[in-house]
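Colleague: Take this structure, written in structure tokens, and hold onto it; I'll ask about it next.
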RNA sequence: GCGCCCUUCGUCUAUCGGUUAGGACGGCAGCCUUUCACGUUGCAAAGACGGGUUCGACUCCCGUAGGGCGCGCCA
């Protein structure tokens, strides 16, 4: 199964489908992807679904969907770990045959008691090795055994980690883990080793929460006489408060970031800067990430997720995305936005061209697609326009008189374009000696129903002569 | 409790024994300005603590404190 070219890079992303793709998993996937892509290698995808109780189809769909949205493509078909259970059992039996594993007849209750006792006596919580050297013929009747790995008790296990450095763990602290459950199903640590070996994985890149597993897995590789892949354990991402970003503490799936209006490219860029750096580079393309990404530049300490920085980056990406492309992003985002589907239904070709025309002014003031859509709301608004408090205030504050005085100026402008309208209004301002700003705000209120918008002459332009004049007339006619 | 790991501005980070400890986000102040943004200029802001090693430590070593991860017939 492994590549004929021994030096080729094969990484993998191996999520367990017990929930959505969270931000830490997304970054792990990004690193695996970038590393493989940057070295003409492959990134494989394996779904670790051996926990039949908690694995769900919905989670698998969400994870694949999240990866696709993030633009992280994998090579070949996603592998179901559970589907390979026979092979895992085969290896468990091989280990048994080699004397590297044994049957254990302890019941879950006994193990629980063992743990409780150890804890009460303030001893390390580990399996005591009851069945390690015991004759299976003394097994109690009616108890289905598990198979335990016979871990070395002396010496130490060394992990040469690309991010963590050389990590040494005393073998006395690693107990005999279960590799095959009493129901005959393999457990995680066995499955991972067998799959990574069979799939020819050259580089394992995952979160540091797997560091201890790395030691146990190393022992299994050694027991099977297999080559241990290059290991890299990246530091974790914590929440803004420094606490861990667990499922229950507001950890969000990537689809939540999509709904918050972040662009995949911005999220990739942001995530890449958590635990990894390339000198002082802050904003870089995905192509550059692929080119620059290097295991050696990985940090060791956990980082906190900072929405403010993500938002800033996202704003940068929005501003620098070409209008037409950004419109496509906005359209794709709308189904996930609050009130978005309704607006999307009303987005015909005419509306699309209005959005496109207004885009330069719109994108300048949006940090997220949510804000972009909100900024575009005036294009969708139906007359008479709903007004927010500030707009109402402006109108009430002498705005109507200003608008009335402005109406003939606008109506008399032969060419309805932003520059022509601006020239006309400025001329009027000069004649009357009133500052331009005095005209702009009432106009903005009348045309958009808010106090903020793109440049007011651009707004007049996109809205068109008829609609603009009508919106103004709605306020001045009575 | 045991094991492993981590610790530079509020946050993300640069530094690979010799720097005025740099950048970015955020903050503050100014400029620009038709609103809001953008842009731009400037300012404040860091080596957890204590010992070593060294001519010289943020960089190396030890300890302390704080934090994280792991210790399932979960992954």
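Residue numbers (this note's numbering): 13 to 490. From the three backbone atoms N, C-alpha and C, an ideal C-beta is built for every residue, glycine too. Predicted model only: the values in this text are computed from it and were never measured.
1) State the start and end residues of the unbroken beta strand (DSSP E) segment that holds residue 34.
2) Tell whether a beta-carbon distance below 9 Å holds between residue 472 and residue 276.
3) Mind checking residue 353: buried by the 16 CB within 10 Å criterion, or exposed?
4) Tell me the residue span of the beta strand (DSSP E) that contains residue 210.
5) Can you tell me the Cβ-Cβ gap for residue 315 and residue 249, rounded? I've got them flagged as a contact below 8 Å.
6) Determine, using beta-carbon pairs with one atom in the stretch 294-302 and one in the stretch 109-129, whether at least three such pairs fall under 8 Å.
7) Note down, in chain order, each residue of its chain lying with its Cβ closer than 7 Å to the Cβ of residue 388, except the 5 sequence neighbours on either side.
8) List in chain order: all unbroken alpha helix (DSSP H) runs of 4+ residues lying wholly within the stretch 26-92.
9) Consult DSSP for residue 288 and reduce its assignment to one of helix, strand or coil.
10) Since I believe residue 231 is in contact with residue 142 (beta carbons under 8 Å), could you give me their beta-carbon distance rounded to a whole number of angstroms?
11) Taking residue 264 as the reference, give the member of 31, 63, 109 with the closest Cα.
12) Quick check on residue 240: does DSSP put it in helix, strand or coil?
13) Quick check: the stretch 289-300 against the stretch 333-342, are at least 3 beta-carbon pairs closer than 8 Å?
14) Give, in chain order, every unbroken run of the alpha helix (DSSP H) that is at least 4 residues long and sits entirely within the stretch 300-374.
15) For residue 36, which residues in the same chain have their Cβ closer than 7 Å to its Cβ, ignoring the five residues on either side in sequence?
16) By Cβ distance below 6 Å, which residues in the same chain neighbour residue 308 in space, the five residues on each side in sequence not counted?
17) Closest to residue 412 by C-alpha separation, out of 23, 451, 154, would be which residue?
18) In this structure, does DSSP put residue 216 in helix, strand or coil?
19) In three-state DSSP terms, what is residue 469?
20) Give a yes or no on contact between the stretch 80-99 and the stretch 118-126, applying the rule of three or more CB pairs nearer than 8 Å.
21) Report the option in 463, 110, 323, 182 whose CA atom is closest to the CA atom of residue 405.
Modeller: The relevant details are as follows:
1) From DSSP, residue 34 is part of no beta strand (DSSP E); its letter is neither H nor E.
2) no
3) exposed
4) Note, residue 210: premise wrong, no beta strand (DSSP E); alpha helix (DSSP H) at 200-210.
5) About 6 Å separates the two Cβ atoms, so the contact holds.
6) no
7) Cβ neighbours of residue 388 beyond the five flanking positions: 367, 370, 374.
8) Complete alpha helix (DSSP H) runs here, min 4: 35-49, 69-82.
9) Residue 288 sits in a strand when the DSSP states are folded into three classes.
10) In fact, because the Cβ distance is near 20 Å, the residues do not count as touching under 8 Å.
11) 31
12) For residue 240, the secondary structure class from DSSP, reduced to helix, strand or coil, is coil.
13) Counting C-beta pairs with one atom in each stretch, the stretch 333-342 and the stretch 289-300 have fewer than three that are closer than 8 Å, which means they do not touch.
14) 319-332, 335-345, 352-357
15) 219, 248, 249, 257
16) none
17) 451
18) DSSP places residue 216 in strand when its eight states are reduced to three.
19) helix
20) no
21) Looking at the Cα atoms, 463 is the closest of the given residues.
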